[in-house]
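When you read off a place in the sequence shown, starting at 1, and then add 19, the result is the number in my numbering.
A virtual CB, placed ideally from N, CA and C, is assigned to each residue, including glycine.
These numbers were taken from a predicted model, which means no experiment stands behind them.
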Amino acid sequence: MRSSRFALGLVLSVAACLFFTVVGDTSSATISYHGVEPVAGTARSDRGPGIKEDVPGKYLARYEAWKAEFLSTEVGREQWAQFKADPNFTLTITVSRDNAEGATTGAYRWNEQGALIAATIVLGTRLDEGYPNPIYFPVMNSLVPTESLTRIDGNTLAATKIAHEFGHVKRTSQVDSAVYQLQTQLIPQYNKIFLSNGRNARDPRLVEIESKIGGTPVRIWEDREYWGEANAMVYLRDRFTDERMRCALFTKIKSSVDLYAKSYETRFLEIVRATPNQKTCGWP
Ligand SMILES: [Zn+2]
């Protein structure tokens with residue numbers, strides 16, 4: 020499991036950090052989730068702060084339904100209001116046919132003081148379909164229908180993906196911008212060397228890059244993904260006030276976290292423990 024996980028992680032991180040290619044996951048019906056990161060275009064200072072929804076007319080109805088579902092929760096309303104009211108931040112949200120069942124966040128911009136001032140979230144046109152893999156996306160994957168868990172509404176799946184993307188924006192605004200930008204710059208270099216040196220992670224050139232950016236690209240990538248997933252989990256916690264339903268999801272999340280993300284358990288556990296009725300659904 021470890022080596023296959025590493026291989027998948029490498030493929031995903033290479034894909035995410037270089038040019039995205041479709042990651043074939045033949046083992047299950049899961050989808051590759053993140054597509055090509057949007058890049059920061061020319062300064063669009065004319066747009067001003069707030070949330071800019073740049074959605075083609077033909078996708079507007081479905082987008083509004085996903086958004087309404089996200090805003091049906093306290094966490095959704097709170098995070099939306101926060102980005103909307105921030106006078107120093109512009110969040111652009113678009114809908115695109117590329118990577119139809121996934122979403123991607125990027126085009127980050129920082130000011131000279133290192134504060135995040137802009138980000139763009141690109142949502143796929145079929146965001147309400149497709150389940151990301153359980154290895155890096157244990158929360159979104161928990162919505163896969165099973166015998167005990169009947170199909171959850173597509174709008175809820177889409178809103179969970181929106182919450183994952185909001186989690187990326189939130190996390191990127193909290194981390195050191197210099198480190199983040201160095202990671203963006205050096206990860207492609209790392210991957211290029213790794214793929215050309217016989218995949219030797221002990222290569223001194225790679226060890227040096229690792230020390231500069233705070234870990235291997237896979238490690239950095241999974242850490243970012245699990246922050247996205249943590250925010251998605253807060254959304255699900257608020258969305259499913261019915262205990263039976265919430266516990267069914269939390270139990271599935273736990274089983275994936277136990278298998279694939281044990282060292283990141285704490286950030287999920289904190290969310291479980293902050294459930295209003297304190298019921299932990301099998302989590303410690
Ligand atoms: Zn993500």
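(request) For residue 91, name the three-state secondary structure that DSSP assigns. (result) coil
(request) In the DSSP assignment, find the unbroken beta strand (DSSP E) run with residue 275 in it and report its ends. (result) No beta strand (DSSP E) holds residue 275; the alpha helix (DSSP H) holding it covers 262-279.
(request) Please go through the same chain and pick out, in chain order, the residues whose beta-carbon is closer than 7 Å to the beta-carbon of residue 222, but skip the five residues on each side of it. (result) 212 and 216
(request) Tell me whether the beta-carbon of residue 153 lies closer than 9 Å to the beta-carbon of residue 52. (result) no
(message) Taking its Cβ as the centre, do 16 or more other Cβ atoms sit within 10 Å of residue 257, making it buried, or is it exposed?
(response) buried
(message) Let me check understanding here. Comparing Cα to Cα, which of 114, 77, 138 and 157 lies closest to residue 274?
(response) Considering only alpha carbons, the answer is 157.
(message) Using C-beta distances below 7 Å, list every residue in its chain close to residue 249, excluding the 5 sequence neighbours before and after it, in chain order.
(response) 186, 286, 287 and 290
(request) Look at the alpha carbon of residue 130 and the alpha carbon of residue 136, and state the distance between them as a whole number of angstroms. (result) 6 Å
(message) Which of the three DSSP states is assigned to residue 162 in this structure?
(response) DSSP places residue 162 outside both helix and strand once states are collapsed to three, so it counts as coil.
(message) Beta-carbon within less than 6 Å of residue 115's beta-carbon, same chain only, minus the 5 sequence neighbours each way: which residues are those?
(response) 141
(message) Buried or exposed, going by whether 16 or more other CB atoms sit within 10 Å of the CB of residue 180?
(response) buried
(request) Kindly give me the distance between the Cβ atoms of residue 127 and residue 59, rounded to whole angstroms, as I take these residues to be in contact under 8 Å. (result) 7 Å
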